[in-house]
Structure formats: C-alpha cells, structure tokens
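Asker: The number in the numbering used here is simply the position in the sequence shown, starting from 1, with 279 added.
Where is the CB? At the ideal position from N, CA and C, for every residue including glycine.
Small disclaimer: the values here were computed from a predicted structure and weren't measured.
To start, I am sharing the structure in question, which I have written as structure tokens.
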Amino acid sequence: QGCVNVWNICARKLVGYSTEEVMGHSLVKEFITKDYQSSVQSVLDKALDGVETANFEFPLITKAGARMEVLLNATTRRNEHGKVIGVVGIGQDITGRIAQEREYAKLIDTANAPIFGVDTEGRVNVWNKCARKLVGYTPDEVMGKNLVKEFITDEFKTAVQAVLDQALHGAETANFEFPLITKAGVRLEVLLNATTRRDEQGSVIGVVGIGQDITGRIAQEREYSKLIDSANAPIFGVDTLGKVTIWNKNAHKLVGYSSEEVMGQNLVEQFITPEHRARVQSVIDQALAGEETANFEFPLMTKAGIRLEVLLNATTRRDEQGNTIGVVGIGQDITGRLAQEREYTRLIDTANAPIFGVDTQGRVNVWNKCAMRLTGYPSEEVMGHSLVKEFIRKEHQEKVQDVIDQTLHGEETA
280 QGCVNVWNIC ARKLVGYSTE EVMGHSLVKE FITKDYQSSV QSVLDKALDG
330 VETANFEFPL ITKAGARMEV LLNATTRRNE HGKVIGVVGI GQDITGRIAQ
380 EREYAKLIDT ANAPIFGVDT EGRVNVWNKC ARKLVGYTPD EVMGKNLVKE
430 FITDEFKTAV QAVLDQALHG AETANFEFPL ITKAGVRLEV LLNATTRRDE
480 QGSVIGVVGI GQDITGRIAQ EREYSKLIDS ANAPIFGVDT LGKVTIWNKN
530 AHKLVGYSSE EVMGQNLVEQ FITPEHRARV QSVIDQALAG EETANFEFPL
580 MTKAGIRLEV LLNATTRRDE QGNTIGVVGI GQDITGRLAQ EREYTRLIDT
630 ANAPIFGVDT QGRVNVWNKC AMRLTGYPSE EVMGHSLVKE FIRKEHQEKV
680 QDVIDQTLHG EETA
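And the structure:
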C-alpha cells in the first residue's frame, strides 16, 4: 500500500522525522514533493512487480522544510516464500554533490572557452554558451547527437574519435588541432584538451573537451609562412633540438637543398662545416635562451660543395604563451662582398704607395707593405695603435688630427 514500515536511524537523522511520525504513513503522498510523486510511485510499483531500480534521483523535504536530493536504490522485499511484501529503499544524500555539480555546470556554461562533453557512446551531453556562440548550434540541436559522426569533417573523424577513445581509457590529450564546421558552413580551427570525466566512484562516464578557437592564429601563421617563403633573403628555422622546421625558397635556391631534404635534420651537424659547428651552435643556444645575435658571419656548404659566406641574424621564436619554441635565422649571402673585400685588401697590400687606414677612434686598421718598408714598422707593431699619438711628431699631431677629423666628417683632403 506504500505505507512506511521500515525507517532506520540514519533516515530519522537525515529527514528529521521520528519512526513514530512516519510508520504507517504513505511515503509518496506525505513526504514526496508533488512534482515527483508520480515518478517515485512508478519506481515503487516497478519494485513491487519485481523490477528493481538503481540510482534514481528525487527530492525529499525534511521536517524542517529543507529540500534534500536523494539517490535511491529500490529493491523488492519478499517473505520466506518469495512473495512480494513491499519495497526497501536504500538512499544516499547527494544534496552537496548536486549543488557542486550545478556550480560546475554554471562555471562550464559561462566559461569564455568552448566546452563540450560526450558520454561513453560519444553522444553530446555538455554544450556551453561559448560552444553555441562559436559553432552556431544550440544545445537542443546537439544534445544526444554523436559528436564525431555529425559535427566533424570526414578527414578528421578517425583522429578525433581516437582522442575521445584515449580519454575514455584515461589517456588525456592536450593541444590537439582539428577543424570544426559551423552551422553556417564555416570551417574553424580548434585546439582541444580532452579530459576524462568520472563519477564519484571514479568510473569513467565520458569526456570533457575544452577548446580554443585558433582560426585567426592559424591564418596569421599561414600568412607568416607565406611571407617567409617568398622573402628575398634566405630564412631558416630550427626547433629547441636544433632540427630544421623552416626552410624558405631563397634558402633552397642559395644552398641547393630542398625543404624536403632538410626538414627535421639537425642544421649544425649536417650543414655546417666542422670547424664552425661550435660557434654556430653557441649562437643558436643563446637565441634559445633569449639572447639574440646580429651580424654573425659563418660558412655554409651548398649541396654542390661550394662554400658560401653567410651573415646571420638569429632571433628567438616563441609561441602565443611566450614560450621559446626555436630560433629563426635571417641570412644574407656575403660571399661576393667578402671576395671583393679580400681583393680590395690584396690590392692595397701590394700597391706601390704607402697606404694606411684608421678607425673612428684613430686606431690603425690598414697598413700595407709599402708603408711597412717606408716607416720600418711591421703591421703587427702598428695595428690597433693610435696613429697620431704614437707615430706623428708632436709638432704635427694637431694638424694631422684635424685632417683625420675632417675626413671622418666627410670632408676629404688632398
């Protein structure tokens, strides 16, 4: 008849009614809220027919008027002859857990990142406001639908399903990139963290995915790659292990190796001459530590075995969080210029007139053979020394210094 005939101490403590107050009274009519009376009665009726129910949630009003959320297992009660004589309900107070879940759901729904969830069958059971705003589908349109089959492009279905399957087995995935088609048919690029979702017993009940719309970033990276590839300077990049990740057309043209031949290879070990490997590696290491280098000269061997002289600017490469992910090197082929400078040096050194040069501080940096024969000083004794202070007689120092100063200001003297 649905009248209470068992009421233990824990039930009394939880609800506030004594055994005397409930015994013989109708459980459903007197202690269940009206909106749940029908469903609770149905559970009891099924148990009376031998169909037991597990994990049925319903609210219970305490004597003090507080609403409690209860998780119920309803079991058929039989006498020694197997005849059904009633129902025993074993309850669990889940009020706190439900409140926590509601807060969790609220945080998910108002998060500024698209968040979705699927059950163990891959059916959507979480779809927050940001996901709706991003993709265009309302929760009513996606809830209960298979995420992979209905919302992922064909070429990525296998990969996305694999990520979900791994998470369902406890192996979570971070920073997985895949495309998502919006309701309007626009392709979005999404970065996903897939996390295993568990119940209070630790059993896996699904997957929660926290996404990030990286469509703009990907477009920017593609534009960046396009600019690099079409630049009129050789540009290469390496990751934190020194393996080539960028190799533009000009680098290909200059060195002769295609991007397919260099990508993933160690730049220093395979393309730098042995005697310069330590220096080039040091420049890369410094850039990886945030210390960039400008105008670094080093030789590079082409595929054809020709030695090129390269002037390099090494810049630290960072991701959107500011983490160092490698080095980008912008080079300049100075082979011709160095050859010209060597020829210029040779012509100066073999000229039949004394030729000297000073830097902006007046220190000697050019001293040819004829100057050496004329003055008697070899280049080793004058290089880096002040020409005026150390080699010009005192009475002429001021005049000679004036001539040098005027020349340094663009006013030459003949």
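1) How is the beta strand (DSSP E) around residue 514 delimited, first residue to last?
2) In angstroms, rounded to a whole number, what distance separates the CA positions of residue 629 and residue 648?
3) Just grab the DSSP bridge partners of residue 486 for me.
4) Kindly give me the distance between the Cβ atoms of residue 475 and residue 516, rounded to whole angstroms, as I take these residues to be in contact under 8 Å.
5) With which residues is residue 641 paired in a DSSP beta bridge?
6) What is the C-beta distance between residue 551 and residue 521, in whole angstroms, given that I count them as a contact (C-beta under 8 Å)?
7) Leaving out five residues before and five after residue 606 in sequence, what residues of the same chain have Cβ atoms less than 8 Å from its Cβ?
8) Please name the residue in 507, 511, 457 whose C-alpha comes closest to that of residue 490.
9) Taking the Cβ atom as the reference point for each residue, do residue 682 and residue 664 lie within a distance shorter than 8 Å?
10) Return the residue from the list 444, 345, 494, 355 that minimises the CA-CA distance to residue 460.
11) Quick check on residue 685: does DSSP put it in helix, strand or coil?
12) Could you work out which residue in 583, 560, 658, 582 is closest to residue 576 when comparing CA atoms only?
13) Where does residue 657 fall in DSSP's three states?
14) Could you check if residue 501 is buried or exposed, using at least 16 other CB atoms within 10 Å of its CB as the buried criterion?
15) Could you tell me the distance, in whole angstroms, from the CA atom of residue 350 to the CA atom of residue 473?
16) For residue 645 and residue 680, what's the separation of their Cα atoms in angstroms?
17) So, at 6 Å on beta carbons, what are the nonlocal neighbours of residue 610 in its own chain, with the 5 sequence-adjacent residues on each side left out?
18) Decide if the stretch 378-396 is in contact with the stretch 404-422; the criterion is three or more beta carbon pairs, one per stretch, under 8 Å apart.
19) Quick check on residue 321: does DSSP put it in helix, strand or coil?
20) Figure out for me which residue from 346, 325, 352 has the closest Cα to the Cα of residue 293.
21) Here's the rule: buried if 16 or more other CB atoms are within 10 angstroms of the residue's CB, otherwise exposed. What is residue 410?
22) Who are residue 608's beta bridge partners in DSSP?
23) Can you tell me which of 487, 582, 685 puts its alpha carbon nearest to the alpha carbon of residue 383?
24) Tell me whether the beta-carbon of residue 587 lies closer than 8 Å to the beta-carbon of residue 639.
25) Compute the Euclidean distance between the alpha carbons of residue 604 and residue 598, then round it to the nearest angstrom.
26) Is it the case that the Cβ atoms of residue 334 and residue 358 are separated by a distance below 8 Å?
27) Would the beta-carbon of residue 425 fall within 8 Å of that of residue 401?
28) How big is the Cα-Cα spacing for residue 362 and residue 289?
29) Got a sec, what are the start and stop residues for the beta strand (DSSP E) residue 510 sits in?
30) Hey, could you find the ends of the beta strand (DSSP E) residue 368 is sitting in?
31) Just the C-alpha distance for residue 466 and residue 496, rounded to the nearest angstrom, thanks.
32) Measuring straight from C-alpha to C-alpha, what distance separates residue 443 and residue 484?
33) Expressed to the nearest angstrom, what Euclidean distance is found between the alpha-carbon atoms of residue 413 and residue 389?
34) Mind checking who residue 459 pairs with in its DSSP beta bridge?
Answerer: In this structure, then:
1) Reading the sequence shown from its first residue, position 235 is the one you call residue 514. Per DSSP, residue 514 belongs to the beta strand (DSSP E) from 514-518.
2) Locating residue 629 in the sequence shown gives position 350, where the first residue counts as 1. Locating residue 648 in the sequence shown gives position 369, where the first residue counts as 1. Taking the straight line from one Cα to the other gives about 7 Å.
3) If you number the sequence shown from 1, residue 486 lands on position 207. In the DSSP output, where bridge partners are listed per residue, residue 486 has 397, 475.
4) Here residue 475 corresponds to residue number 196 of the sequence shown, with the count starting at 1. Here residue 516 corresponds to residue number 237 of the sequence shown, with the count starting at 1. Rounded, the Cβ-Cβ distance is 35 Å, inconsistent with contact.
5) Locating residue 641 in the sequence shown gives position 362, where the first residue counts as 1. Beta-bridge partners assigned by DSSP to residue 641: none are found.
6) Your numbering for residue 551 matches position 272 in the sequence shown. Your numbering for residue 521 matches position 242 in the sequence shown. Between residue 521 and residue 551 the Cβ distance is about 10 Å, and since that is not below 8 Å, they are no contact.
7) Looking up residue 606 in the sequence shown gives position 327. Excluding sequence neighbours, residue 606 sits near 516, 517, 563, 566, 567, 593, 594, 595, 596.
8) Working through the sequence shown from its first residue, we reach residue 490 at position 211. Cα-wise, what sits closest to residue 490 is 457.
9) In the sequence shown, the residue the question calls residue 682 occupies position 403. In the sequence shown, the residue the question calls residue 664 occupies position 385. Going by C-beta atoms, residue 682 is not nearer than 8 Å to residue 664.
10) Sequence index remark: in the sequence shown, residue 460 carries index 181 (1-based). The residue with the shortest Cα to Cα distance from residue 460 is 494.
11) Within the sequence shown, numbered from 1, the residue matching residue 685 stands at position 406. If DSSP states are grouped into helix, strand and coil, residue 685 belongs with the helices.
12) Taking the first residue of the sequence shown as 1, we reach residue 576 at position 297. Residue 576 has its Cα closest to that of 560, out of 583, 560, 658, 582.
13) Counting from 1 along the sequence shown, the entry for residue 657 is found at position 378. In this structure, residue 657 counts as coil in the three-state DSSP scheme.
14) Indexing the sequence shown from 1 puts residue 501 at position 222. That one is exposed.
15) The residue given as residue 350 occupies position 71 in the sequence shown. The residue given as residue 473 occupies position 194 in the sequence shown. When rounded, the distance between both Cα atoms is 29 Å.
16) As a position in the sequence shown, residue 645 is number 366, starting the count at 1. As a position in the sequence shown, residue 680 is number 401, starting the count at 1. Rounded to the nearest angstrom, the two C-alpha atoms are 17 Å apart.
17) Start at 1 with the first residue of the sequence shown, and residue 610 comes out as number 331. 513, 589, 591.
18) Proximity of the stretch 378-396 to the stretch 404-422 meets the contact definition, three or more beta-carbon pairs being nearer than 8 Å.
19) As a first step, residue 321 is located in the sequence shown; it is residue number 42 there, counting from the start. Correct three-state label for residue 321: helix.
20) To locate residue 293, count along the sequence shown from 1; it is residue 14. Ranking the options by Cα distance to residue 293, first place goes to 346.
21) Mapped onto the sequence shown, residue 410 falls at position 131. Buried: at least 16 other Cβ atoms inside 10 Å.
22) By one-based count along the sequence shown, residue 608 stands at place 329. DSSP lists 515, 593 as the bridge partner or partners of residue 608.
23) Along the sequence shown, read from residue 1 onward, the residue named residue 383 stands at position 104. For the residues 487, 582, 685, the minimum Cα distance to residue 383 belongs to 487.
24) Within the sequence shown, numbered from 1, the residue matching residue 587 stands at position 308. Within the sequence shown, numbered from 1, the residue matching residue 639 stands at position 360. No, Cβ-Cβ distance for residue 587 and residue 639 is not below 8 Å.
25) On the sequence shown, residue 604 is found 325 positions in, with the first residue counted as 1. On the sequence shown, residue 598 is found 319 positions in, with the first residue counted as 1. Those two C-alpha atoms are separated by around 6 Å.
26) Within the sequence shown, numbered from 1, the residue matching residue 334 stands at position 55. Within the sequence shown, numbered from 1, the residue matching residue 358 stands at position 79. The answer is no: Cβ separation not under 8 Å.
27) Looking up residue 425 in the sequence shown gives position 146. Looking up residue 401 in the sequence shown gives position 122. Yes, Cβ-Cβ distance for residue 425 and residue 401 is below 8 Å.
28) Locating residue 362 in the sequence shown gives position 83, counting from the first residue. Locating residue 289 in the sequence shown gives position 10, counting from the first residue. Approximately 28 Å, taken between the alpha carbons.
29) Translated into positions along the sequence shown, residue 510 becomes position 231. First-last for residue 510: undefined, no H or E at that position.
30) One-based indexing of the sequence shown puts residue 368 at position 89. For residue 368, the enclosing beta strand (DSSP E) begins and ends at 363-372.
31) As a working mapping, residue 466 is identified with position 187 in the sequence shown. As a working mapping, residue 496 is identified with position 217 in the sequence shown. So the two alpha carbons sit approximately 14 Å from each other.
32) Counting from 1 along the sequence shown, the entry for residue 443 is found at position 164. Counting from 1 along the sequence shown, the entry for residue 484 is found at position 205. Counting only the Cα atoms, residue 484 lies some 12 Å from residue 443.
33) Against the sequence shown, residue 413 aligns to sequence position 134. Against the sequence shown, residue 389 aligns to sequence position 110. Rounded to whole angstroms, residue 413 to residue 389 spans 13 Å at the Cα level.
34) The residue labelled residue 459 in the question sits at position 180 within the sequence shown. Beta-bridge pairing links residue 459 to 431, 467.
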